[in-house]
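The next block holds one structure in the form of structure tokens; read it before the comments.
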Amino acid sequence: ETANALVFLNPVSGKRKSLKVFESIVKPILEIGSMPYSLKITDSPRHAADFVENGDLSLYTSIVTVSGDGLLHEVLNGLLRRKDWAQYKRLPLGVIPTGTGNGLAKSIDCLWPEQAAVAVVKAETRPLDVMSVTTASGLVEHCFLSMTWGLIADIDIESERIRWAGSARLDLYGTIRLMNLRYYGGRLHYLPATPENEDTEADGGGEGGQAAAGSSGTAHDAVQSGRRVGGPDSALAATQHSSTNSSVANIMERTDQGADVPWGLPAPNFS
656 ETANALVFLN
666 PVSGKRKSLK
676 VFESIVKPIL
686 EIGSMPYSLK
696 ITDSPRHAAD
706 FVENGDLSLY
716 TSIVTVSGDG
726 LLHEVLNGLL
736 RRKDWAQYKR
746 LPLGVIPTGT
756 GNGLAKSIDC
766 LWPEQAAVAV
776 VKAETRPLDV
786 MSVTTASGLV
796 EHCFLSMTWG
806 LIADIDIESE
816 RIRWAGSARL
826 DLYGTIRLMN
836 LRYYGGRLHY
846 LPATPENEDT
856 EADGGGEGGQ
866 AAAGSSGTAH
876 DAVQSGRRVG
886 GPDSALAATQ
896 HSSTNSSVAN
906 IMERTDQGAD
916 VPWGLPAPNF
926 S
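656 is the number of the first residue of the sequence shown in my numbering; add one for each residue after it.
Right, here's the structure in full:
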């Protein structure tokens, strides 16, 4: 089967050098490797996500983003929202790092565009954990790095206005926000640990240890299991150390007493 890469490029990613990097570095490597590709330059938010979700992917053997982590996040969510997502669950995803943080590229030690382009041509792949998060509004998001809320999320989103500063925008805006802290009201829900799990956790083995280790699977393992990663079992493993006297339990006790009413939060729903 002839390889044909679908390449999405975000021209305003990072310091707006994605197109230059593609033309001077990535394109020559793809041509040397005799790898056909289809280039699509994004012109709006969700451009890539909408195409991947609704477009014909049967023509492509891989999807590559020339951008930071945000564009790959769009592609991943568009792919997993397809009705026929199972047909494309093994479609390789690649990233040519030209963004601000390039967290994924750093985590897999593939930070240089030259290195990433060669990996695309050679079809070098590795499994990757994917997490599924459902918000209070019912929106389901899939992510491969982290899910943040509060200060960290604000810094990431609001620093977009100074994108011209490159990766320094996070440090600069983070300093500004630390000098002007906001109040965030929230509530924590958790699944209580069973006495059996608490005993095995104290011993450092048994079912508790297996649950914690097994909560992270590969990307396609997550897809095969119904696109659920980090579900109730993971929450259980993460809270097995808590007891009836823990701060988590105290939070829940205050929740039951109506401490959330001043925040205007809905009643807990564990269904």
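Where is the CB? At the ideal position from N, CA and C, for every residue including glycine.
Keep in mind that this is a model prediction, so the values were computed, not measured.
Run through DSSP, which three-state label would residue i get?
i: Gly733; result: helix
i: Phe799; result: coil
i: Leu748; result: strand
i: Ala823; result: helix
i: Gly688; result: coil
i: Ala670; result: Looking at the sequence itself, residue 670 is Lys, so the reference to Ala does not match. Of the three classes helix, strand and coil, the one that applies to Lys670 here is coil, per DSSP.
i: Gly793; result: coil
i: Tyr828; result: helix
i: His844; result: coil
i: Glu678; result: helix
i: Ala741; result: helix
i: Leu833; result: helix
i: Leu727; result: helix
i: Pro782; result: coil
i: Ala658; result: coil
i: Ser897; result: Legend: pLDDT at Ser897 = 37, less than 50; position of this residue unreliable, value from coordinates given subsequently. DSSP places Ser897 in coil when its eight states are reduced to three.
Could you give the residue range of the beta strand (DSSP E) that holds residue i?
i: Tyr692; result: 692–696
i: Ala774; result: Element bounds for Ala774: not the beta strand (DSSP E) but the alpha helix (DSSP H), 768–776.
i: Thr789; result: 786–789
Compute the minimum distance between the beta carbon of residue i and the heavy atoms of the ligand NAD, and state whether it is under 6 Å.
i: Val785; result: Absence of the ligand NAD is noted for the structure shown, with no ligands found whatsoever.
Would you list the residues sitting across from residue i in a DSSP beta bridge?
i: Phe663; result: Lys695, Thr720
Since residue i is in the alpha helix (DSSP H), which residue starts that stretch and which ends it?
i: Ala808; result: 806–813
i: Phe706; result: 702–709
i: Gly758; result: 758–762
Taking 7 Å as the threshold (C-beta atoms), are residue j and residue i in contact?
i: Thr720; j: Pro747; result: no
i: Glu729; j: Ala703; result: yes
i: Cys765; j: Ala771; result: yes
i: Val795; j: Thr803; result: no
i: Asn659; j: Thr716; result: yes
i: Gly749; j: Val775; result: yes
i: Gly829; j: Ile817; result: no
i: Asp724; j: Gly669; result: no
i: Tyr692; j: Val662; result: yes
i: His797; j: Leu731; result: yes
i: Pro768; j: Val676; result: yes
i: Leu806; j: Ser814; result: no
i: Lys673; j: Ser722; result: One detail in the question is off: residue 673 reads as Ser in this sequence, not Lys. A contact, by the Cβ cut-off of 7 Å.
Is it right to say residue i is buried, meaning 16 or more other beta carbons lie within 10 angstroms of its own, or is it exposed?
i: Leu843; result: exposed
i: Ile687; result: exposed
i: Thr753; result: buried
i: Ile718; result: buried
i: Asn905; result: Summary for Asn905: the model assigns pLDDT 42, below 50, so the residue's position carries little reliability; its value from the coordinates is reported in the next sentence. So Asn905 counts as exposed.
i: Thr849; result: exposed
i: Asn665; result: buried
i: Asp858; result: In this prediction, Asp858 scores a pLDDT of 44, lower than 50, which makes its location untrustworthy; no coordinate-derived value is stated.
i: Ala808; result: exposed
i: Ala760; result: buried
i: Leu712; result: buried
i: Ile812; result: exposed
i: Met786; result: buried
i: Leu714; result: exposed
i: Met834; result: exposed
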